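Below is one structure, written out as structure tokens; the observations come after it.
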Amino acid sequence: MNRSSLRRIAAPGVAAIALATALSACGASNETSADSGSAAEGESSLSGELAGAGASSQERAQEAWSTAFQAANSGATVTYDPVGSGDGRTQFIEGGVAFAGSDAYLDDDEKELSGAKERCEGQDPIEVPAYVSPIAIVFNLEGVDELNLDAKTAAEIFDGKITTWNDPAIADLNPDAELPDERITPVHRSDDSGTTENFTDWLGQAGDGAWGYDADGVWPAKGGEAAEGTSGVISAVTNGTGTIGYADESQAGDLAIAKVKVGEEFVEATPEAAAKVIEESERVSGRPDVDMAFEVNRTTDAADTYPVVLVSYLIACQTYADQAEADLVKGYLSYIVSDEGQKAAADNAGAAALSSSVAEEAQAIVDKISASS
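According to the working numbering, the sequence shown holds residues 9 to 381 in order.
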């Protein structure tokens, strides 16, 4: 697969109250959705099973969202399989799940966008952001707790061109570190991953020509160690020596995280710094009005910004054949983009909450979900 452009809990009781309010609003816009009277009392009539699949980076946020949603809807069961962005998009297109989570937006390099439109009865699929999250460059190097990297040096490390930790390129960026003469073991994802696509997009755009590959969800370079899923990368880096990898910051655990050079400063991988990049990023041109894909600005020099980020999306249809399924998808996605849902993602997954204007636009799109008959 070769993609030349990036496609790019709160306490259950509190979450339930907020969700009930959101569902009540949904009822006003869709007369067949949950009864607004029961929703105002902290319960709703939504019931049934809702299945999603996709980005492993969404796993912790999805756990928080589904817990809160089910607390407010005792008859509903939400499952999310963190199989990776690529497999999640495939399962959605093939009709195996009602919605997908993806760290890269749909495009037609592999006919995914047209496939999703066909699955959605000829209508453009809905694609709205769930949150923004920094991608952490995690490392495990004895005696070194802090590390500075620029995109060019990171590209040469992950492409196997820089092979030892005391290489002059790394040493120049870390004059105060005692870097050992130890072999570097770069770890990458083995599955089709939106995290990989976002990470390789940064290497390519900001790497000053050092990364000779297109942005891709499938790791394009030879060498290194491959691991499946976010948890696999974290495990490989943790259990290795002299290892370095990339993963959603929320799942970095106790691993050390490198700072990234932006302009003349080195910036930490924080949600706040990640959110600032989106403020400078443009929307992908030529997309339908139910699609909110962003082209992330990877080469920014703005202060206190962190460009190694992913915008994690929710993909769904505008209409579903079954009324109950349509109500479940609409109710669940409405909660995710709500203030309470965004707080749950921030608290449990370290994500940057959507700005109010982005969240409002996403909610207006989610409001379009209905039954086809």
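We put the CB at the ideal spot given by N, CA and C, even for glycine.
Bear in mind that the values here come from a model prediction, so they are computed numbers and not experimental data.
- Gly-202 and Ala-63 have their C-alpha atoms spaced approximately 7 Å apart.
- Shown here for Trp-73: same chain residues with a beta carbon closer than 7 Å to its own, the five before and five after excluded, namely Tyr-343, Ile-344, Gly-349 and Ala-352 in chain order.
- DSSP places Arg-127 inside the alpha helix (DSSP H), whose first and last residues are 120–127.
- The beta carbon of Ile-286 is closer than 6 Å to those of Val-140 in its chain, skipping five residues each way along the sequence.
- The stretch 196–247 is shown to contain whole beta strand (DSSP E) runs of 3 or more residues at 233–235, in chain order.
- For Asn-356, no pairing in a beta bridge is given by DSSP.
- For Ser-258 and Asp-189, the gap between their C-alpha atoms comes out near 30 Å.
- Put simply, the stretch 260–278 does not touch the stretch 226–237. Fewer than three CB pairs are less than 8 Å apart.
- In this structure, the CA atom of Phe-166 is about 33 Å from the CA atom of Gly-123.
- Exposed is the label assigned to Ala-311, since fewer than 16 other Cβ atoms lie within 10 Å of its Cβ.
- Around the beta carbon of Ser-293, fewer than 16 other beta carbons lie within 10 angstroms, which makes this residue exposed.
- A contact between stretches requires three or more CB pairs, one per stretch, nearer than 8 Å, and the stretch 138–152 meets this requirement with the stretch 246–262.
- Around the beta-carbon of Glu-129, fewer than 16 other beta-carbon atoms lie within 10 Å, marking it exposed.
- Between Val-152 and Ala-108, the C-beta gap is not smaller than 8 Å, which leaves the two residues out of contact.
- Annotation note: the stretch 295–356 contains the following uninterrupted beta strand (DSSP E) runs of length 3 or greater, listed N- to C-terminal: 317–324.
- In the structure shown, Ala-177 adopts helical secondary structure according to DSSP, grouped into three states.
- According to the DSSP assignment, Pro-279 belongs to the alpha helix (DSSP H) that extends over 279–288.
- Boundaries of the alpha helix (DSSP H) harbouring Lys-160: 159–166, taken from the DSSP string.
- Under the DSSP assignment, Glu-71 falls in the alpha helix (DSSP H) whose first and last residues are 67–80.
- Within the DSSP bridge table, the entry for Gly-62 names Gly-109 as partners.
- In the structure shown, Glu-190 adopts coil according to DSSP, grouped into three states.
- Straight-line spacing of the CA atoms in Glu-67 and Ile-170 works out to 33 Å.
- Here the alpha carbons of Gly-60 and Asn-356 stand approximately 19 Å from one another.
- Rounded to the nearest whole angstrom, the C-alpha separation of Glu-333 and Ala-163 is 44 Å.
- In the DSSP annotation of this structure, the continuous segment of the beta strand (DSSP E) that includes Ile-134 starts and ends at 134–148.
- Taking Asp-330 as the centre and dropping the five residues before and after it, the same chain places the C-beta of Ala-379 closer than 8 Å to its C-beta, in chain order.
- For Glu-368, the enclosing alpha helix (DSSP H) begins and ends at 364–374.
- Following the DSSP letters along the chain, one finds Gly-253 inside the beta strand (DSSP E) bounded by residues 251–256.
- By the 16-neighbour rule on beta-carbons within 10 angstroms, Ala-283 is buried.
- By the Cβ criterion, the stretch 131–139 is in contact with the stretch 306–323, since at least three pairs of Cβ atoms, one from each stretch, lie closer than 8 Å.
- CA-to-CA, the gap between Lys-267 and Pro-183 works out to about 14 Å.
- With 16 or more neighbouring CB atoms inside 10 Å of its own CB, Arg-97 falls in the buried class.
- Close CB contacts of Asp-89 within its chain, under the 6 Å cut and outside five residues either way in sequence, are with Ala-61 (chain order).
- Nearest C-alpha to Ser-365 among Lys-376, Ser-346, Ala-354 and Ser-381: Ser-346.
- Inter-residue distance for Thr-172 and Arg-191 is about 5 Å (C-alpha atoms, whole angstroms).
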